[in-house]
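The structure appears below as structure tokens.
Number of protein chains: 2
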Amino acid sequence: MSKASEQAYAKIRGFLLGGTVQPGSQLTEEQLAEVAGVSRTPVREAMRRLETEMLLVRSPSKRIFVADWSRDDIDEMFTLRQMLEGHAARRAAERLTPAEIDRLEEVNRELHEAVDGDTPDIVRFLDANRVFHEAITEAAHSPRLGQVLAMLVEQPVVLRTARQYSAEDLKQSARDHDELIAAFRAGDPGWAKAVMGGHLRRAFHTFVSADENGADGD
Amino acid sequence: MSKASEQAYAKIRGFLLGGTVQPGSQLTEEQLAEVAGVSRTPVREAMRRLETEMLLVRSPSKRIFVADWSRDDIDEMFTLRQMLEGHAARRAAERLTPAEIDRLEEVNRELHEAVDGDTPDIVRFLDANRVFHEAITEAAHSPRLGQVLAMLVEQPVVLRTARQYSAEDLKQSARDHDELIAAFRAGDPGWAKAVMGGHLRRAFHTFVSADENGADGD
DNA sequence: AGGCCTCCTATTGTATACAATTTGCCTGCG
DNA sequence: CGCAGGCAAATTGTATACAATAGGAGGCCT
Numbered sequence: 014m015s016k017a018s019e020q021a022y023a024k025i026r027g028f029l030l031g032g033t034v035q036p037g038s039q040l041t042e043e044q045l046a047e048v049a050g051v052s053r054t055p056v057r058e059a060m061r062r063l064e065t066e067m068l069l070v071r072s073p074s075k076r077i078f079v080a081d082w083s084r085d086d087i088d089e090m091f092t093l094r095q096m097l098e099g100h101a102a103r104r105a106a107e108r109l110t111p112a113e114i115d116r117l118e119e120v121n122r123e124l125h126e127a128v129d130g131d132t133p134d135i136v137r138f139l140d141a142n143r144v145f146h147e148a149i150t151e152a153a154h155s156p157r158l159g160q161v162l163a164m165l166v167e168q169p170v171v172l173r174t175a176r177q178y179s180a181e182d183l184k185q186s187a188r189d190h191d192e193l194i195a196a197f198r199a200g201d202p203g204w205a206k207a208v209m210g211g212h213l214r215r216a217f218h219t220f221v222s223a224d225e226n227g228a229d230g231d
Numbered sequence: 014m015s016k017a018s019e020q021a022y023a024k025i026r027g028f029l030l031g032g033t034v035q036p037g038s039q040l041t042e043e044q045l046a047e048v049a050g051v052s053r054t055p056v057r058e059a060m061r062r063l064e065t066e067m068l069l070v071r072s073p074s075k076r077i078f079v080a081d082w083s084r085d086d087i088d089e090m091f092t093l094r095q096m097l098e099g100h101a102a103r104r105a106a107e108r109l110t111p112a113e114i115d116r117l118e119e120v121n122r123e124l125h126e127a128v129d130g131d132t133p134d135i136v137r138f139l140d141a142n143r144v145f146h147e148a149i150t151e152a153a154h155s156p157r158l159g160q161v162l163a164m165l166v167e168q169p170v171v172l173r174t175a176r177q178y179s180a181e182d183l184k185q186s187a188r189d190h191d192e193l194i195a196a197f198r199a200g201d202p203g204w205a206k207a208v209m210g211g212h213l214r215r216a217f218h219t220f221v222s223a224d225e226n227g228a229d230g231d
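Next comes the structure, spelled out in structure tokens:
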């Protein structure tokens, strides 16, 4: 994606997830063009992408609205992630070279450092977490799988989940990754898939329990 | 998608899968605009979609080429379909109402009629088959799942597979659907998922064995 | 003669003007 | 008073002109 389109995508996404717009409210291409600081053409491309990610929805008459994510939507997202990233972990276990596993371990050391102290560094955690998961997806060597996951994994949801994690939750996350690495070293696809599944399902429950307590991040 | 964009999508797709263009060859937006009979703007939208379906690929410098589908690509597509449509079948088994199952049965009667005679009607088969699978995906009530499958299920591949089916293969396909319906009536998600998995995996093997025999349709 | 630099061309990216469609209102008629 | 019809405004869709960028060819210097 090219400069202006990418910028439009990033800005509009930030705009949508910043919490200042109400789900269900209508948006126009022109408004979004102003938000992004570019013309309608690249905005339309960004909108297409945001539509496939279901952050925007279209009325039958092609008008655009801010999507309203229900608990079922979140559940659906995590369920599909569990299935697809579980599959990715399985394939990765069959394909990862020792050197690549070393690299994963290094990333996870970084993640450990971010959360093992007294005051966890969420930003560092998120970054290492993203790199870790992306590396596994990459190692699955399945381009369609990668593409589908890229569209499914809404980092803002991951962020919101991570902010609800207790210090202990964060450490458990790091330990899940440790176990994943152990499964990779053992070359055990079933183990890898199972650990990944549990890891993501727990994330889902952390997310919804925080949500049910009337949370909003801060 | 709007008139010109939709038309561009359909025409370009037909152009790509018509076999007259060579995988790996470069295409320009202007060429495709001419093929589609519209301007570059809607063509660009269609191209985006064809990129996500991986019928087109982009070079690092944003130039566009006809994708070259390897056996592994086909395998990957069927594997993901098996996983996701299996999931859809499971969810459908938990949700389908008796009336909806009746409707499925009706569609499959049409499919039976298309293949049970001496000279199978492939077009009728394909149409009923598509409706049948789409109805199941719809019944899963999972919008993201539906979207991902829409992007994964390349009807032209389905067509090519169907043309390689023997009369007996076609009848077996119809019988698979019968069994799926039985699983739905029984409300047995595991059964539904298993049948769907086998159904699609067999389709994959029909496809590749035909492919390996140096086939191309006609 | 070979390699590098530059200019030209081909191609994609963006903006804007214009066309088509839809919505909501307002008026007029029953 | 309510409903239908149509008009006007808002919004999305398409075409085209222009800008930016990448690739390739040709000439120049060593």
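Residue numbers (the working numbering), protein chains in the order written: chain A, 14 to 231; chain B, 14 to 231. A virtual CB, placed ideally from N, CA and C, is assigned to each residue, including glycine. The model shown is predicted, which means the values in this text are computed figures rather than measured ones.
Item                                                                                                                                  : Value
Does the Cβ-Cβ distance between D189(B) and H212(B) come in under 7 Å?                                                                : yes
What did DSSP end up calling Q35(A) once you bin it into helix, strand or coil?                                                       : coil
Inspect the beta-carbon positions of L97(A) and L162(A) and report whether they are closer than 7 Å.                                  : yes
Hey, is S155(A)'s beta-carbon within less than 7 Å of any beta-carbon in chain B?                                                     : yes
Suppose contacts are defined by Cβ-Cβ distances below 7 Å. Is A196(B) in contact with A141(B) by that definition?                     : no
Is the Cβ-Cβ distance between T65(A) and M164(A) less than 7 Å?                                                                       : yes
Closest to E19(B) by C-alpha separation, out of L30(B), L63(B) and V144(B), would be which residue?                                   : L63(B)
Show which residues of chain B have a CB atom less than 9 Å away from the CB atom of T65(A).                                          : T65, Q160 and M164
How far does the beta strand (DSSP E) with R71(A) in it reach, from first residue to last?                                            : L69 to R71
Cβ closer than 9 Å: which chain B residues qualify as neighbours of L234(A)?                                                          : Residue 234(A) lies beyond the residue range present for chain A, which begins at 14 and ends at 231; the question has no answer from this structure.
Check for me: the alpha helix (DSSP H) holding V128(B) runs from which residue to which?                                              : P111 to V128
What in chain A is Cβ-close to R61(B), meaning under 8 Å?                                                                             : E58 and R61
If you reduce the DSSP assignment to three classes, tell me which class V221(A) lands in.                                             : helix
Give a yes or no on whether the minimum CB-CB distance between E89(A) and chain B is below 7 Å.                                       : yes
In its own chain, which residues sit with a C-beta less than 7 Å from the C-beta of G37(B), not counting the 5 before and 5 after it? : F78, V79 and D81
I'd like the span of the alpha helix (DSSP H) that includes V79(A), first residue to last.                                            : V79(A) -> not in any alpha helix (DSSP H); beta strand (DSSP E) instead, spanning I77 to V79.
Does the distance from the CB of L193(A) to the CB of V171(A) come in under 7 Å?                                                      : no
What number of angstroms, rounded off, separates the C-alpha of E118(B) from the C-alpha of E89(B)?                                   : 30 Å
Would you grab the beta carbon distance between T174(B) and A216(B) for me? Rounded to a whole angstrom, and I think it's under 8 Å.  : 5 Å
Exposed or buried, R104(A), counting other C-beta atoms within 10 Å across all chains shown (16 or more means buried)?                : buried
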